[in-house]
Amino acid sequence: MRKINQWLKKRNVFFMAAGFAVLSAGVSLALFTDGETKANMIRTGKVDITVEETLSGLEQRNIAVSSTGRSPCYVRMRVNVPVVAGTDAEGTEWFTPAVTYMNGDGSCSVDGKTWNECSSGTVIRPGENSSPDVREAQWVKMDDGYWYLSEPLETGERAVLCDKVNFRSEVPAGISKDQLSVIAYAEAIQLDNVEVDGESGADAAYAAFRQLKRN
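Sequential numbering of the sequence shown, starting at 13, is according to the numbering used here.
The following block contains the structure:
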């Protein structure tokens, strides 16, 4: 067994898509490593977002998207966690972190494989450290693998998708550090002048991104 004791926080990336709407994206990569790198940022247009998390030992807490631009926006987000096979004294086992999030009954924790395979239509709640108004919204998993926020994100607001992602302190033999990356990725599209086909809630956000793709 090997102990891994440091996280690396990678980058946030923002860009503008051509066409009728401004699109902003952010990505964060956290993994166990012996080094550290600073974040890079590029901002364009009226819509800016930041993917945020708090790293502490083997835990990544409050994985969220925040709106830092001048315009309200629809947002969608993914948090992909590793599910890898390692060999311990008893043979091969799956090694994956636990993912904690909010559902209608309160806090819920599942293994990473279950989290990654949440089906389309699954509904969860923004984490407790989301902005107060955002906590009344929902995250809805759609068929493209993204979680869509059911309410537009206003300037300065924050929506937490995962309250916590944490690994065991012992990593089975045969698993390398670069296999333990947790990727958090978010996109935002401006609310103004976007056709949502009469939809509301998370379906409106889904329609907005679908419309951008068609253009």
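We treat Cβ as the ideally placed atom computed from N, Cα and C, and that holds for glycine.
Note that this is a predicted model, so its numbers are computed, not measured.
State the DSSP-derived secondary structure class of residue i, mapped to helix, strand or coil.
| i | result |
| --- | --- |
| V95 | coil |
| G118 | strand |
| K153 | strand |
| V6 | This structure cannot speak to residue 6, because the chain is shown only from 13 to 227. |
| F221 | helix |
| S65 | Note that residue 65 corresponds to Glu in the displayed sequence, not to Ser. E65 falls in the strand class under three-state DSSP. |
| N74 | strand |
| T126 | helix |
| D209 | coil |
| E166 | coil |
| R90 | strand |
| R147 | helix |
| D204 | coil |
| T49 | Only weak support exists for where T49 lies, its pLDDT of 27 falling under 50; the coordinates are left without a value. |
Expressed to the nearest angstrom, what Euclidean distance is found between the alpha-carbon atoms of residue i and residue j?
| i | j | result |
| --- | --- | --- |
| P144 | E166 | 12 Å |
| F179 | K153 | 24 Å |
| V95 | E129 | 11 Å |
| V194 | G133 | 23 Å |
| A216 | E199 | 15 Å |
| N141 | A214 | 20 Å |
| M68 | A185 | In the sequence under discussion, the amino acid at residue 68 is Ser, which differs from the Met named in the question. When rounded, the distance between both Cα atoms is 23 Å. |
| V183 | T126 | 20 Å |
| S121 | V111 | 5 Å |
| E148 | D190 | 37 Å |
| K225 | I201 | 11 Å |
| D117 | V135 | 12 Å |
| I61 | D156 | 21 Å |
| V206 | S188 | 44 Å |
| V208 | R222 | 9 Å |
| R170 | L161 | 11 Å |
| Y158 | Y113 | 15 Å |
| Q150 | L70 | 28 Å |
| N115 | A97 | 29 Å |
| L192 | S212 | 37 Å |
On the premise that residue j lies in contact with residue i, defined as a C-beta separation below 8 Å, what is that separation, rounded to the nearest angstrom?
| i | j | result |
| --- | --- | --- |
| M89 | Y197 | 7 Å |
Use the C-beta contact count for residue i: other C-beta atoms within 10 angstroms, 16 or more gives buried, fewer gives exposed.
| i | result |
| --- | --- |
| K176 | buried |
| R82 | exposed |
| G108 | Note on identity: in this sequence residue 108 is Thr, with Gly being the wrong assignment. Its Cβ being crowded by 16 or more others within 10 Å, T108 is buried. |
| E64 | buried |
| W106 | exposed |
| G168 | exposed |
| G210 | exposed |
| S78 | buried |
Which residues in the same chain have their Cβ closer than 7 Å to the Cβ of residue i, if we skip the five residues on either side of it in sequence?
| i | result |
| --- | --- |
| P164 | P84, C85, Y86 and L203 |
| T66 | R73 and N74 |
| V93 | T108, P109, V111, G124, W127, N128, V177 and V194 |
| A220 | Y86, I201, V206 and V208 |
Return the chain-ordered list of same chain residues with a C-beta closer than 6 Å to the C-beta of residue i, the five sequence neighbours on each side being excluded.
| i | result |
| --- | --- |
| V172 | N74, A76, P138, G139, N141 and S142 |
| V91 | I75, L173, C174 and A196 |
| V146 | P138, E169 and A171 |
Does the beta carbon of residue i fall short of 8 Å from some heavy atom of the ligand GDP?
| i | result |
| --- | --- |
| E199 | The model on display carries no ligand, and the ligand GDP is accordingly not part of it. |
Between residue i and chain C, is the shortest Cβ-Cβ distance under 9 Å, so that the two count as touching?
| i | result |
| --- | --- |
| G186 | No chain C is part of this structure, which consists of one protein chain only. |
With a CB to CB cut of under 8 Å and the five nearest residues on each side skipped, what residues in its chain are close to residue i?
| i | result |
| --- | --- |
| S131 | K153 |
| S119 | T112, Y113 and D175 |
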